[in-house]
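> Mapped onto my numbering, the consecutive letters of the sequence shown carry residue numbers 46 to 336.
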Amino acid sequence: MKWRNLLFAAAFLSLAFVSLPARTQNLSDQKSLLDAWNQPFKPFRIIGNIYYVGTNNLACYLITSPGGHILIDTAMQESSPIVRANIEALGYKLKYVRVILSSHAHFDHVAGHADMKAATGAQIYASAADALALESGGAKGFHPLNTYKPVKVDRIIKDGEVVRFGSLALTAHLTPGHTEGNTTWTMTVEENGKKYDVVFVASMSINPGVKMVNNPTWPGVAEAYAKSFQKLKSLNCDVFLGPHAPFFNMEAKVKQMADGKSNPFIDPEGYRNYIAGYEKNYNEQLAKERK
């Protein structure tokens, strides 16, 4: 199977549960799948000052600086012990996590926010639309999934805004579709004297049951997706990361890193393939609904 097919097969499988409302799932199947996603994974440095601190499937990123750290996503509430242990295993103290960001406000990426905020004292930044979901514990939104512990958002982030903390700077790119406040983050890192553009791309799948045409809860969802794809294609990407580890073939790349050769996370082709695959799915669904 070609690399592109492998990437999207993994991404599809990883979203098999997230894409379905809880009421359609057998509870025991739900628990089994979530348990499979929530296995410990040894934390590691990806590039520069970016570290992976998530589970085997649910990606979380620690971005470090001498003055304090930024955390992107916290996974599920049940993932909190894993994420906290991973941060500490890298030699970083939880109290120096000062800002928590998110890719999008679905339970498998932000249900751990409340516990992490309590453990670190960090402030939570989010887009206005995802703040509504976070503060309602996932109950509000055009296509809510599982609910979770509500958490107060300390700062609303706008499209194109640069979040700065000490020497760290990340730019928010609102890419709505998967959720109304779906947010892609970008930053620049330096490795061996060379600078790299990093993209923490948000989810771009369409949840089953979500209509692109005549959607009763979000009439403009199709247009939102179209604009988001165009925005993502305009971003320069050297290092491709995302909210689920299979999106960017994380485990295989970690094995490649052991060879000590070039960093496999420098993967602009993988980023282009990610966007192209989901845009193709979007166009096919749109065409089918318009018949």
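For every residue, glycine included, the Cβ atom is placed at its ideal position computed from N, Cα and C.
1. Give the DSSP-derived three-state secondary structure of alanine 171 in the structure shown.
2. Only counting the same chain, and skipping five residues up and downstream in sequence, which positions put a Cβ closer than 8 Å to that of isoleucine 108?
3. Excluding the five sequence neighbours on either side, which residues of its own chain have a C-beta within less than 7 Å of the C-beta of alanine 267, listed in chain order?
4. Can you grab the Cα-Cα spacing for the pair isoleucine 169 / serine 148, in whole Å?
5. Going by other Cβ atoms of all chains shown within 10 Å of its Cβ, with 16 needed for buried, is glycine 254 buried or exposed?
6. Considering only the alpha carbon of each residue, which of Arg129, Thr165, Lys325, Ala156 lies closest to valine 142?
7. Less than 8 Å separating the beta-carbons of proline 195 and serine 181?
8. Whose C-alpha, out of Ile132, Phe152, Val128, Ile145, is nearest the C-alpha of leucine 79?
9. Curious, which full-length beta strand (DSSP E) runs of at least 3 residues does the region 236-320 contain?
10. Is DSSP giving histidine 223 helix, strand or coil here?
11. Using a Cβ-Cβ cut-off of 8 Å (strictly less than) and excluding sequence neighbours within five positions of glycine 287, which residues of its own chain qualify?
12. Quick check: the Cα distance between glutamine 122 and arginine 129, rounded to an integer number of angstroms?
13. What is the DSSP secondary structure of methionine 161, counted as helix, strand or coil?
14. Would you call the region 305-324 in contact with the region 271-291, where contact means no fewer than 3 C-beta pairs closer than 8 Å?
15. Just reading off the beta strand (DSSP E) that phenylalanine 210 is part of, what are its end residues?
16. Is it the case that the Cβ atoms of proline 291 and asparagine 131 are separated by a distance below 8 Å?
17. Once DSSP output is grouped into helix, strand and coil, what is the label at leucine 146?
18. State the beta-bridge partners of isoleucine 132 as determined by DSSP.
19. Is there at least one non-hydrogen atom of the ligand ZN closer than 7 Å to the beta-carbon of valine 208?
20. For a test of the three-state rule: what should DSSP assign to phenylalanine 187, helix, strand or coil?
21. Taking DSSP as the reference, what is the three-state secondary structure of phenylalanine 89?
22. I'd like to check one pair, valine 208 with leucine 146: are the Cβ atoms closer than 8 Å?
23. Can you list, in chain order, the residues of its chain whose CB lies under 6 Å from that of lysine 298, leaving out five sequence neighbours each side?
24. State the DSSP-derived secondary structure class of alanine 81, mapped to helix, strand or coil.
25. Starting from the Cα of leucine 190, find the closest Cα among Thr100, Lys239, Asn252 and give me that residue.
26. Taking DSSP as the reference, what is the three-state secondary structure of histidine 218?
Reading from the atomic positions:
1. strand
2. Asn94, Ile95, Tyr96, His114, Ile115, Leu116, Ile117, Leu213, Leu215, Met232
3. Met257, Val258, Leu331
4. 12 Å
5. exposed
6. Thr165
7. yes
8. Phe152
9. 239-245, 284-286
10. coil
11. Ala104, Ser148, Phe245, Val246, Ala247, Ser248, Phe293, Tyr319
12. 11 Å
13. helix
14. yes
15. 207-210
16. no
17. strand
18. Answer by DSSP bridge pairing: none, since isoleucine 132 is not bridged.
19. Here there are no bound small molecules, and the ligand ZN is not part of this structure.
20. coil
21. strand
22. yes
23. Pro309, Phe310
24. helix
25. Asn252
26. strand
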